[in-house]
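Asks: Sending over a structure as structure tokens; questions will come in a sec.
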């Protein structure tokens, strides 16, 4: 299973309202300027396996429903269908997605578990 993340990102950005696009750009700039408030808390939560803290780092993204829908929810549903389809064929499967897609309601993990699949974190 292959994915073109750049194509996914650009397609989603085009569909976002202008205010959401501006918020997304400002958040990305702020995170780049001050990683202690942006990327590092997310990384620390991921390393510790702290799903609650990891999910909390995404709260600002989830506040804007247009961003959450385009960048998280729609992708999660596409990946869930692709993963289930791929797992129906023989062979081993390794799936790698961004950490934000693995926590909270509607996450890839939650969607796969809803289908009865056993999903577990590998360290």
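In the working numbering, the protein residues as written are 1204 to 1326.
Even glycine gets a Cβ: it sits at the ideal position worked out from N, Cα and C.
Our contact map puts residue 1219 next to residue 1273 with C-beta atoms below 8 Å; I'd like the distance itself, whole angstroms only.
Replies: Residue 1219 sits at position 16 when you count from the first residue of the chain shown. Residue 1273 sits at position 70 when you count from the first residue of the chain shown. Between residue 1273 and residue 1219 the Cβ distance is about 6 Å, and since that is below 8 Å, they are a contact.
Asks: Is the number of C-beta pairs between the stretch 1285 to 1294 and the stretch 1254 to 1268 that are closer than 8 Å three or more?
Replies: Cβ pair count under 8 Å is below three, so no.
Asks: Can you give me the Cβ contacts of residue 1234 inside the same chain, cut-off strictly under 6 Å, excluding the 5 residues immediately before and after it?
Replies: To locate residue 1234, count along the chain shown from 1; it is residue 31. Within the same chain, residue 1234 has close Cβ partners 1241 and 1242.
Asks: Since residue 1265 contacts residue 1271 with CB under 8 Å, what's their CB separation in whole angstroms?
Replies: Within the chain shown, the letter at position 62 stands for residue 1265. Within the chain shown, the letter at position 68 stands for residue 1271. Right, the Cβ-Cβ distance comes to about 5 Å (below 8 Å), so this counts as a contact.
Asks: Using a Cβ-Cβ cut-off of 8 Å (strictly less than) and excluding sequence neighbours within five positions of residue 1312, which residues of its own chain qualify?
Replies: Counting from one through the chain shown, the residue named residue 1312 turns up at place 109. Answer for residue 1312: 1305, 1306 and 1322, listed in chain order.
Asks: At what residue ranges does the stretch 1236 to 1307 contain a whole run of the beta strand (DSSP E), taking only runs of 3 or more?
Replies: The qualifying runs do not exist here; there are none.
Asks: Please report how far the alpha carbon of residue 1232 lies from the alpha carbon of residue 1302, in whole angstroms.
Replies: The residue labelled residue 1232 in the question sits at position 29 within the chain shown. The residue labelled residue 1302 in the question sits at position 99 within the chain shown. Near 19 Å, if we compare the C-alpha coordinates of residue 1302 and residue 1232.
Asks: Would you give the residue range spanned by the alpha helix (DSSP H) that residue 1311 belongs to?
Replies: Residue numbering aside, residue 1311 sits at position 108 when the chain shown is read from its first letter. That run of the alpha helix (DSSP H) goes 1311 to 1317.
Asks: Rounded to the nearest angstrom, what separates residue 1315 and residue 1227 at their Cα positions?
Replies: If you number the chain shown from 1, residue 1315 lands on position 112. If you number the chain shown from 1, residue 1227 lands on position 24. Straight-line Cα distance between these residues: approximately 28 Å.
Asks: Rounded to a whole number of angstroms, what is the C-alpha to C-alpha distance between residue 1325 and residue 1318?
Replies: Position 122 of the chain shown, counted from the first residue, corresponds to residue 1325. Position 115 of the chain shown, counted from the first residue, corresponds to residue 1318. Those two C-alpha atoms are separated by around 20 Å.
Asks: Figure out for me which residue from 1268, 1300 and 1267 has the closest Cα to the Cα of residue 1283.
Replies: Here the question's residue 1283 lines up with position 80 in the chain shown. With distances taken between Cα atoms, residue 1283 lies closest to 1300.
Asks: How many Å lie between residue 1236 and residue 1285 at the Cα?
Replies: Here the question's residue 1236 lines up with position 33 in the chain shown. Here the question's residue 1285 lines up with position 82 in the chain shown. Spanning the two alpha carbons is a distance of roughly 35 Å.
Asks: Using the C-alpha atoms, what's the distance from residue 1246 back to residue 1238?
Replies: By 1-based counting over the chain shown, the position of residue 1238 is 35. By 1-based counting over the chain shown, the position of residue 1246 is 43. Their backbone Cα atoms lie some 10 Å apart in a straight line.
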